[in-house]
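A short worksheet on the structure shown next.
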Amino acid sequence: MKIQWRLRMAAAQREVWTGTELRRLLAEKAGLELSSASVSALFTKEPSQVKMTTLAALCTALECTPNDLIEVDTTPVERPITPPHPVADLPQAASARGRSMPPL
């Protein structure tokens, strides 16, 4: 599975070119106050996690959907076919002449 953060592209399609513009939109349209550093990090780096409230605010500010911001490739990963594990030999039953356990 591959995940791609597309905030910069989504913002550019809506003619939002800088982190400062995005920060202003987040405050005006979504009521979310983020630091300049936080907005810059969202704009320039692929985050390892995003709060749902931040995602909702980005969607509100840019008038988009989460699908516009996150692209997920769900193509299954091919794995090599492994042969089945052989069944271990079961222990031989006790012979008719001997006992498997001492008498009680």
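Position one of the sequence shown corresponds to residue 1 (the UniProt record's numbering), numbered consecutively onward. In this text, a Cβ means the ideal position worked out from N, Cα and C, and glycines have one as well.
Hey, would you say residue i sits closer than 8 Å to residue j, going by beta carbons?
i	j	result
residue 22	residue 57	no
residue 60	residue 29	yes
residue 14	residue 69	no
residue 50	residue 3	no
residue 19	residue 40	yes
If I follow the unbroken beta strand (DSSP E) through residue i, where does it start and stop?
i	result
residue 39	Segment 36 to 44 is the alpha helix (DSSP H) holding residue 39; no beta strand (DSSP E) there.
What residues are listed by DSSP as bridge partners for residue i?
i	result
residue 73	2
My output table needs one value for residue i: the three-state DSSP class, helix, strand or coil.
i	result
residue 64	coil
residue 21	helix
residue 54	helix
residue 28	helix
residue 49	coil
On the criterion of 16 or more Cβ atoms from any shown chain inside 10 Å, does residue i qualify as buried, or is it exposed?
i	result
residue 128	Residue 128 lies beyond the residue range present for the chain, which begins at 1 and ends at 104; the question has no answer from this structure.
residue 42	buried
Taking the alpha helix (DSSP H) that residue i belongs to, which residues open and close that run?
i	result
residue 104	Run containing residue 104: none; DSSP gives neither H nor E here.
residue 8	7 to 13
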